[in-house]
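**Student:**
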């Protein structure tokens with residue numbers, strides 16, 4: 014995003030300074046020329062576009078909504094923006110269908126929860142693609158799952174287990190767009 018070099022994926026964290034906002038973080042992904050863009054700065058514009066779409070779409074078809082989101086020319090081929098696309102299109106379709114009483118605030122809650130677990134490159138570093146917790150966040154918001162709510166928590170964990178298994182079966186090489194389509 015700064016110099017078009019191929020990124021380095023490190024086995025151990027390194028202290029890096031974001032080239033956009035100046036925040037210091039310990040991270041695993043950087044440019045060999047010393048550039049670093051933290052996740053939230055990297056995905057900011059794309060997530061704003063995704064939010065605009067879920068707030069304005071009237072579609073009840075999550076494939077149509079995600080297709081519109083994925084058609085944005087600034088969307089990278091790989092990245093955690095796809096977690097927001099999966100969660101946003103799924104929840105927007107449910108909101109627009111109307112029977113569950115889903116609101117824009119519910120979708121924003123899914124985004125806040127997704128932000129805590131969807132981080133660039135962590136699919137390779139931790140084995141968890143950010144799209145799986147995004148699906149889990151959708152399930153948790155829809156069921157009212159919290160720690161200690163046995164039935165709701167189990168449904169949410171089963172959704173994440175299914176999502177992770179589906180992604181695992183598709184991996185090699187990774188394709189975030191395929192993961193979104195298959196999970197929807």
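In our numbering, the protein residues as written are 14 to 197. Even glycine gets a Cβ: it sits at the ideal position worked out from N, Cα and C. Keep in mind it's a predicted model, so treat the numbers as computed, not measured.
Note down, one range per segment and in chain order, each beta strand (DSSP E) of at least 3 residues found wholly within the stretch 17–103.
**Tutor:** 21–30 and 37–43
**Student:** Just how far apart, CA to CA, sit residue 125 and residue 46?
**Tutor:** Position 112 of the chain shown, counted from the first residue, corresponds to residue 125. Position 33 of the chain shown, counted from the first residue, corresponds to residue 46. Roughly 32 Å between the two C-alpha positions.
**Student:** Just how far apart, CA to CA, sit residue 187 and residue 136?
**Tutor:** Numbered from its first residue, the chain shown carries residue 187 at position 174. Numbered from its first residue, the chain shown carries residue 136 at position 123. If I take the Cα positions, the gap works out to 9 Å.
**Student:** Three or more C-beta pairs under 8 Å: does that hold for the stretch 86–99 against the stretch 141–156?
**Tutor:** yes
**Student:** Quick one: residues in its chain with C-beta nearer than 8 Å to the C-beta of residue 19, no 5 flanking neighbours on either side, listed in chain order?
**Tutor:** Taking the chain shown and counting its residues from 1, the one referred to as residue 19 is at position 6. Within the same chain, residue 19 has close Cβ partners 45.
**Student:** Leaving out five residues on either side along the sequence, give the residues of the same chain with a beta carbon under 7 Å from the beta carbon of residue 169.
**Tutor:** On the chain shown, position 156 is the one that residue 169 refers to. Counting only Cβ-Cβ distances below 7 Å, and skipping sequence neighbours, we find 149, 152, 153, 156 and 158.
**Student:** Distance, Cα to Cα, residue 73 vs residue 109?
**Tutor:** As a position in the chain shown, residue 73 is number 60, starting the count at 1. As a position in the chain shown, residue 109 is number 96, starting the count at 1. So the two alpha carbons sit approximately 5 Å from each other.
**Student:** Going along the chain, which residues of its own chain have a beta-carbon closer than 6 Å to the beta-carbon of residue 60, five neighbours each way excluded?
**Tutor:** Indexing the chain shown from 1 puts residue 60 at position 47. For residue 60, where only same-chain residues beyond five positions count, the Cβ hits under 6 Å are 97.
**Student:** Please state whether DSSP places residue 115 in a helix, a strand or coil.
**Tutor:** Sequence index remark: in the chain shown, residue 115 carries index 102 (1-based). Reduced to three states, the DSSP call for residue 115 is coil.
**Student:** What number of angstroms, rounded off, separates the C-alpha of residue 194 from the C-alpha of residue 83?
**Tutor:** Here the question's residue 194 lines up with position 181 in the chain shown. Here the question's residue 83 lines up with position 70 in the chain shown. Taking the straight line from one Cα to the other gives about 11 Å.
**Student:** I think residue 41 touches residue 15, with their Cβ atoms under 8 Å apart; what is that distance to the nearest whole Å?
**Tutor:** In the chain shown, counting from the first residue as 1, residue 41 sits at position 28. In the chain shown, counting from the first residue as 1, residue 15 sits at position 2. Going by Cβ atoms, the distance from residue 41 to residue 15 rounds to 17 Å, so no, they are not a contact pair.
**Student:** Please list, in chain order, all residues of the same chain as residue 172 whose beta carbon is under 7 Å from its beta carbon, the five residues on each side excluded.
**Tutor:** As a first step, residue 172 is located in the chain shown; it is residue number 159 there, counting from the start. Answer for residue 172: 148, 149 and 152, listed in chain order.
**Student:** For residue 17, count neighbouring Cβ atoms within 10 angstroms of its own Cβ and tell me buried if that reaches 16, exposed if not.
**Tutor:** Here residue 17 refers to the residue found at position 4 when the chain shown is read from its first residue. Flag for residue 17 reads exposed.
**Student:** Please confirm whether residue 50 and residue 33 have their CB atoms less than 8 Å apart.
**Tutor:** Within the chain shown, numbered from 1, the residue matching residue 50 stands at position 37. Within the chain shown, numbered from 1, the residue matching residue 33 stands at position 20. Yes. Within cutoff.
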